[in-house]
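Asker: If you use this note's numbering, the sequence shown corresponds to residues 1 to 1022, in order.
All residues carry an ideal CB built from backbone N, CA and C; glycine is no exception.
Quick caveat: nothing in here was measured; it's all calculated off a predicted structure.
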Amino acid sequence: MKSFNAFLCLMLSCLLCVVSTVASSKLAGNETDRLALLSIKGQITYDPFGVMYSWNDSFHHCSWQGVTCSKRHQRVTLLDLSSKQLVGTIVPHIGNMSFLRKLTLRNNTINGEIPQEIGRLFRLQNLELANNSFTGEIPVELSNCSRLIYLDLDGNRLTGKIPVELGLYLRNLQVLFLRSNNLTGELPYSLGNLSSLIALAAPENRLEGSIPYSLGQLTNLSYISLGANMISGDIPISLFNLSSLYHFAAPVNQLKGSLPIDIGSTLPSLRLLYLHSNLLNGVVPSSISNLTRLEIISLSRNQLSGKIPSLENLHNLRGLGMHFNNLGTGREDDMDFFSSLVNITSFRELSLSVNNIGGQLPKNIGNFSTKFRSIGFARNKLFGRIPDGFVSLSNMEIVSLEYNQLTGEFPVNLGKLQKLKYFYVNGNKLSGKIPSSIGNLTSLYGLNLAQNNLEGTIPSVLGNCQLLQMLYLSGNRLSGAIPKEVLSISALSIQLDLSGNQLSGTLPLEIGSLVNLGYLDISDNKLSGKLPSTLGSCIRLENLYVQGNMFEGVIPSPLSSLKGLAYLDFSRNNFSGVIPKYFETFSSLKSLNMSFNNFEGEVPQGGVFSNASGAIISGNRNLCGGSQVLKLPQCKDSMPKKGRLSPTLKIIISVACSLFGVMLVLVGVVFCILRRKKHSASPYLPDDSFLKISYGELLKATNGFSSENLIGKGGFGCVYKGILGSDEKNVAIKVLDLQHRGALKSFIAECEVLKNLRHRNLVKLVTACSGTDFQGNDFKALIYEFMVNGSLDDWLHSFSIDGSLHVLHLDLYQRVNVAIDIAFALEYLHHGSQIPVVHCDLKPSNVLLDMDMTARVGDFGMSRFLQETAQQTSPRKTSTIGIKGSIGYAAPEYGMGSEVSTLGDIYSYGIIILEMITGKKPTDDAFSNGLNLHNYVKMAFSAGRVIEIVDPMICHNLQEEETTNTIAERKTKDYIRECLISMCKIGIACTMESPKERMGLSDVVKELQLVKETLSKCDRTL
């Protein structure tokens, strides 16, 4: 019995030992996880949402926000800190959380390198680091995470090659996303070993070489996206045997070769084919019609030839883009394929501009899908009439038929297309009158009827088209007066061209209503009378052409307000009086033609008049004086009069002048010496951290600052595109106009701000130039990273007119992303930098978009530093530039003399939000008599009528009949309406008149993230 008891005690002791060991091990593991999390917290420098406030000893780490633990071992299995606007780095200690299965840090501003210690997380299945600022190379050690299923590194700044080891060891990987980085080298052949891979995406990098043949071995691969790289060679034939492939996108590369003739039988699942902007040749295979699931075909900007085959079996086709190729033979049967689209009820867009397609538009075109919205045949060889049935396409929005050989009368019933936004038929042989039904096109943005044989008068009902931004009627036989109703279209802002007709009468006073118009051409008509003084109200004019008419009288003095003019032509009229002296003060004026009029008197000497090629004044008999380059006789009044001075006084004056001349020479010598010293060491470059660059290098980079390289003009100078260095890097070069008051201070302020700031949503200053040009004049320039997608203003208010039908516009999802990017930038400026910065001039033209459409805030010429202890009140006097901002975007308190503050930037930001939603600028003429953009949106919001004020370019079919939509489509529309209402709410809250009532940026970002999550549920094709 004793021995049994001893045995029992021994067993109990062993059991206690085991339990103690297990418990000790468990506690040790928990402590390891806790310490690792605290290390992560220690490297987060900015946490606006207070995510990590709960990360302390008052709570068990398994209850900390973003942390999930296993129930059994209480070990961390999930760390989710996505979309929290965190700034900081990730510490190597993260590799100690050995039970971690999912790590997601997407949508933050985490920087530094990806820790190689993540490779120790052998249980890791999901790694999501997208949309941060990670740098360095992809760690090879990630290949140790053999259970990895989902790897997303999109939207960072990763460099180097894609590790070969990823393809060798991640046999369970199903998703590999590497979009929008700076990766180089070739796609590894080893990726062909990832037998579980479903999706591969690496667009917008710098990848080169060819697409690996081995990818064709991945039988589960259904999604390939490799666009905007430098990939070359033929597309491997093996890819065309992937029966599960539904999305194949490799646009904007250097792929060559032709599409296989049997493509229709080898890719039965294909829905989306994007291969535009490559070097593909050959014909479009006729078997493509067998791809019955195909929705989008995008093969534009290649070298395809031959006829377009029948597409009648593509019952799901929504869009066909093949513009800028060599398609067609110029014969009538080129259009045979078009009739095959008639029964495709889903068809929406057809873009075949700039090809060699002959034939006629089919008479049964009216039977096409009611969803047909966009047709493009510009610069082809179409002939015949525009069919009467064309006006039955009730949802048509964009028509591009310019530069063909169309004949017959202009469509009388065009007004039935009430959703029409752009109608281009210029460069044809259309005849007849412009019908009055055109006044029904109240959604019209652009109308181009130029270079036809149209006659009669310009219908006054065009004044009903209040959204019209550009109107081209030049080169016809139109007669009669210019209707004042047309000149009352406040939206006309891009171009109004009525030249080359037989218009008569005076220029109506209503021309002054076009305050936003940039280009006006009424030349070569029979207009008479005096130029109305109201023309001086068109303060945005850059081009004004009135030549070849019968205008008379003096040039009205209010034209002195047109300081932005670059090209001005008054020639071949009957103008009289003196040439206004104020023209010499127009700093932007490049060309002024005053020839063949009756001008008299002294010609101004400065500005454009100092250049013989800039000012043309021939054909005026009584002009005198001016610059010597004009070679005019001296004016009589300026010649010395004899007999009025005594000989003694003449001697005194002569001696005084001589002494004065000697003094001028001495001063000139001293000035030249000082300038040379200044050239060798300029005091205006604030910091030696910038790489200095010479004027000569910039001259070479911009091809002599040629007009072809000019990409924009700002308040303090011009911006040129340039190519710098041996690596031929594209840059934007802002050349300061030092004659402009405040330009030098702007240069110093921008250098001072940008040398201290680094953020993925700010434009990066590469270097600066401060010295003299080859004539010894002061020269200063700022060199930035080149943003290939231009400014937000370009995307909101511009469009392409090259016949490609690709109107520049952002969908709602993109606009939300832009809004989030700008908010991140402002958060960093206001709270993330050592000394808070107020931008002071936030507007769409100062928001630039890079290759992946990420928004970056730029132009810090008016910015101010604030004292750290008084962010809302006292500005630090780093820059003394007068705070003006821009009309419509500047906070109202600035106009009452208030100090600059971060709340002023929030107001400007809110205006941008409202502009993105409505498509209206705050300076729109519709806003008068107390109505502004804020009130306009607020009234619609309060009345529950937000959808009525939304920019039509966002979601043009929200108001379609519900009976035509599926349940899924109706649900998507409900989501979109919800998002639009939320966006309006944010914009209204940010633009409250009282600064204290404006929404904070942290709340803005939270709301926008919710909007983005809602939109992710939507079909973006709506």
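1) Per DSSP, what are the beta-bridge partners of Ala201 in this structure?
2) Three-state secondary structure (DSSP) at Ala768?
3) I need the DSSP call for Cys718, collapsed to helix, strand or coil.
4) Cutting at 8 Å between CB atoms, please list the residues of its own chain near Ile820, excluding the five before and the five after it.
5) Thinking C-alpha only, which one of Val175, Tyr445, Ala201 and Arg318 is nearest Gly919?
6) Do you know how far the Cα of Val461 is from the Cα of Gly930?
7) So Asp334 packs on Lys307, CB below 8 Å; how close in whole Å?
8) For Gly904 and Val838, which I take to be in contact (beta-carbon distance under 8 Å), what is that distance rounded to the nearest angstrom?
9) When the Cα atoms are used, what is the spatial distance from Tyr313 to Val284?
10) Quick one: Cα of Ile906 to Cα of Gly987, how far?
11) Is Lys1006 helix, strand or coil when you go by DSSP?
12) For Glu728, count neighbouring C-beta atoms within 10 Å of its own C-beta (all shown protein chains included) and say buried if the count is 16 or more, exposed if not.
13) Helix, strand or coil: how does DSSP classify Arg120 here?
14) If you pair each beta-carbon of the segment 62-74 with each one of the segment 117-126, do three or more pairs fall below 8 Å?
15) Compute the Euclidean distance between the alpha carbons of Leu527 and Arg318, then round it to the nearest angstrom.
16) DSSP has Asn574 in a bridge; who is on the other side?
17) Does Asp905 come out as helix, strand or coil in the three-state DSSP assignment?
18) Beta-carbon within less than 7 Å of Leu796's beta-carbon, same chain only, minus the 5 sequence neighbours each way: which residues are those?
19) Assuming Leu623 is part of the alpha helix (DSSP H), what are its boundary residues?
20) Return the chain-ordered list of same chain residues with a C-beta closer than 7 Å to the C-beta of Val515, the five sequence neighbours on each side being excluded.
21) Determine the contact status of Gly619 and Phe596, defining contact as a CB-CB distance below 8 Å.
22) Take Asn108 and list the residues in its own chain whose beta-carbon comes closer than 8 Å to its own, dropping the five residues that flank it on each side.
23) Measure how close the beta-carbons of Ile110 and Pro139 come, nearest whole angstrom, since I'm counting them as under 8 Å.
24) Secondary structure at Cys69, three-state DSSP: helix, strand or coil?
25) On the premise that Leu200 lies in contact with Leu166, defined as a C-beta separation below 8 Å, what is that separation, rounded to the nearest angstrom?
26) Name the one or two DSSP bridge partners that Leu509 has.
27) Mind listing, in chain order, the continuous beta strand (DSSP E) runs of no fewer than 3 residues lying wholly within the segment 308-380?
28) Leaving out the 5 sequence neighbours to the left and right, which residues in its chain are closer than 7 Å to Thr1014 when beta-carbon positions are compared?
29) Judging by CA-CA distance, which residue of Arg157, Glu128, Ala940 and Tyr169 is the nearest neighbour of Asn205?
30) Quick check on Glu128: buried or exposed, where buried means 16 or more other Cβ atoms within 10 Å of its Cβ?
31) In this structure, how does DSSP classify Thr1014 when only helix, strand and coil are distinguished?
32) CB Asp234 to CB Gly257, shorter than 8 Å?
33) Can the beta-carbon of His315 be found closer than 8 Å to that of Ser298?
34) Thinking just about the alpha-carbon of each residue, which of Val91, Ser533 and Ile231 is nearest to the one in Leu183?
35) Take Ser269 as the anchor and find which of Ser310, Asn220, Pro260 and Asn229 has the nearest alpha-carbon.
36) Across which residues does DSSP place Leu710 in a beta bridge pair?
Answerer: For this structure:
1) Answer is Phe177 and Ser225.
2) strand
3) strand
4) Closer than 8 Å at Cβ, skipping near neighbours: Val1005, Leu1008, Gln1009 and Lys1012.
5) Tyr445
6) Taking C-alpha positions only, Gly930 is separated from Val461 by approximately 28 Å.
7) 6 Å
8) 7 Å
9) This sequence places Asn at residue 313; Tyr is not what is there. One alpha carbon belongs to Asn313, the other to Val284, and they sit about 15 Å apart.
10) 10 Å
11) helix
12) Per the 10 Å Cβ criterion, exposed.
13) helix
14) no
15) 48 Å
16) BP columns for Asn574 point to Glu552.
17) Of the three classes helix, strand and coil, the one that applies to Asp905 here is helix, per DSSP.
18) The answer, listed in chain order, is Pro844, Glu915, Met916 and Gly919.
19) Element bounds for Leu623: not the alpha helix (DSSP H) but the beta strand (DSSP E), Asn622 to Cys624.
20) A distance below 7 Å between beta-carbons, with the five flanking residues on each side excluded, links Val515 to the following residues of its chain, in chain order: Ser537, Cys538, Ile539, Arg540 and Asp925.
21) yes
22) Leu81, Ser82, Ser83, Lys84, Gln85, Leu86, Val87, Asn131 and Asn132
23) 15 Å between Cβ atoms; not a contact.
24) strand
25) Contact annotation, Leu166 with Leu200: C-beta distance approximately 11 Å; criterion of less than 8 Å not satisfied.
26) Looking at the DSSP assignment, Leu509 forms no beta bridge with any residue, so it has no partner.
27) 319-321, 349-351 and 374-376
28) If the five residues before and after Thr1014 are omitted, its C-beta is found closer than 7 Å to the C-beta atoms of Tyr975, Glu978 and Cys979, all from its own chain and listed in chain order.
29) Arg157
30) buried
31) helix
32) yes
33) no
34) Ile231
35) If you compare the alpha carbons of Ser310, Asn220, Pro260 and Asn229 with that of Ser269, the shortest gap goes to Asn220.
36) Tyr720
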